[in-house]
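Working notes, structure below.
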Amino acid sequence: MNYRHAFHAGNHADVLKHLILCRLIALLSRKEAPFAYLDSHAGVGLYDLAGDQASRTGEWLEGIARLWQAEDVPDQLLDYLEVVRAMNPDGVLRHYPGSPELVRLLSREQDRLQLNEKHPEDGRLLKENMAGDRRVAVHLGEGWHVPRALLPTREKRVLLLIDPPFEKADELERCVQSLNEAIGRMRQAVVAIWYPIKALDQLKRFYRDLEKSAAPKLLRVELYVQSTDEAQRLNGSGLVISNPPWGLEEELRQLLPWLAERLAQGQGGWRLDWLIEEKAPG
Ligand SMILES: C[S@@+](CC[C@H](N)C(=O)[O-])C[C@H]1O[C@@H](n2cnc3c(N)ncnc32)[C@H](O)[C@@H]1O
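Residue numbers 9 to 290, in the working numbering, belong to the letters of the sequence shown in order.
What follows is the structure, encoded as structure tokens:
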């Protein structure tokens, strides 16, 4: 396990993932009933952009740094940006929230967070960063076991984020397997899988497997910051989301053109479509 998320914190891919996560939390919060949030590969929860790892790559300069103080921001981005602004009250961007901290700050008293991180040092930091919030449990286990270990939840509604490091060749397959396991245990589960995009044709098999998955509905969201012909670098990223809450598709359709323009480093773009559309009843 060599991957450390601090090198990539706040980059364009984090921005896409985190703002969609914030929209999912906002849309799930429209109903009073509690939800559980599960994060199978949670990271440390808080990042120092001036720290050694983040400043060695400076990836956040082409990500969150481009938008955090923007004034012409679509409303749907505000929850996310207000968290980042509140963490950096002196107007200098230094602190950045990971997925656990975003959800911790934006969820409600009745909601519950189950976070998992396998790297021992990152797990220790995650525990430290989440300490004192009794709604949060931190596990130091295997992320791929999370659906089996933690589902079904006692809450009827669940959001599971699957955000592995993609260090190994089989991780796309394992994502699909985890999605199937989660849906097998809770058919209504909202499962969000993040994935990197270098060249789009490398993902053909992943898309095919997703189309055959057990998800009743599956939305695909992708954002490219430059041409996806060259496989050398992270040209974009995507999320597939099972059972997305009503309203998410429409919000993203409004948001993505703005975001693609803000984050473009070359020929950017976006895509939003259904890999599995809801089947008509009967
Ligand atoms: C992309 S980062 C997570 C970032 C985090 N979800 C966020 O958005 O702030 C992936 C994390 O998975 C951890 N990890 C790697 N292999 C794992 C495994 N098999 N099980 C659980 N966690 C793992 C890494 O240590 C790393 O912190």
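Just so you know, even glycine gets a beta-carbon here, dropped at the ideal spot from N, CA and C.
Inter-residue Cα distance where the pair is residue i and residue j
i, j, result
"F214", "V248", "11 angstroms"
"L110", "E117", "14 angstroms"
"I72", "G66", "11 angstroms"
"A222", "V199", "12 angstroms"
"L114", "Y104", "15 angstroms"
"N124", "Q77", "31 angstroms"
"L101", "N188", "39 angstroms"
"F15", "L133", "16 angstroms"
"N96", "R216", "42 angstroms"
"K2", "L158", "Shown here, the chain extends from 9 to 290; a query on residue 2 therefore has no answer."
"W278", "G192", "31 angstroms"
"R38", "L227", "20 angstroms"
"A239", "K176", "16 angstroms"
"D47", "L169", "5 angstroms"
"L264", "G246", "12 angstroms"
"Q234", "E136", "37 angstroms"
"E259", "L24", "13 angstroms"
"R270", "L69", "12 angstroms"
"R74", "L89", "11 angstroms"
"V92", "Q210", "33 angstroms"
"A139", "L280", "37 angstroms"
"G99", "E79", "14 angstroms"
"R261", "H147", "35 angstroms"
"E150", "E285", "31 angstroms"
"A34", "R112", "12 angstroms"
"A272", "R64", "21 angstroms"
"D87", "D22", "15 angstroms"
Residue from the options with nearest C-alpha to residue i
i, options, result
"L1", "L27, V146, G51", "The chain is shown only over 9 to 290; residue 1 falls outside these bounds and no answer can be derived."
"K291", "N10, P97, G51, P224", "Beyond the ends of the chain as shown, which are 9 and 290, falls residue 291; an answer cannot be given."
"A145", "P108, S63, G277", "P108"
"G274", "Y88, Q262, L231, E40", "L231"
"G51", "H127, L283, S250", "H127"
"L180", "W68, T161, L69, W152", "W152"
"W282", "E257, L121, H13, Q262", "E257"
"N251", "G99, R195, R74, D22", "R195"
"G53", "P82, E219, Q122", "Q122"
"R12", "D60, C30, D87, H20", "D60"
"G106", "D98, G99, D83, D130", "D130"
"K220", "W202, H147, V184, A197", "V184"
"D83", "C30, A58, E40", "C30"
Simplified DSSP state of residue i, which is helix, strand or coil
i, result
"W152", "helix"
"L231", "strand"
"Y45", "strand"
"V100", "coil"
"D34", "One detail in the question is off: residue 34 reads as Ala in this sequence, not Asp. Of the three classes helix, strand and coil, the one that applies to A34 here is helix, per DSSP."
"D171", "coil"
"N188", "helix"
"P105", "strand"
"W202", "strand"
"S250", "strand"
"A145", "strand"
"Q275", "coil"
"Y11", "coil"
"L110", "helix"
Proximity test, residue i beta-carbon vs ligand 2 heavy atom, cut-off 7 angstroms
i, result
"N124", "For ligand 2, the structure offers nothing, since it holds only ligand 1."
Supposed close pair residue i, residue j - CB separation, criterion 8 angstroms
i, j, result
"G18", "Y45", "About 21 angstroms; that fails the 8 angstroms criterion."
"H49", "P172", "5 angstroms"
"P42", "D119", "5 angstroms"
"L32", "R165", "With a Cβ gap of about 11 angstroms, L32 and R165 do not count as contacting."
"T236", "L208", "5 angstroms"
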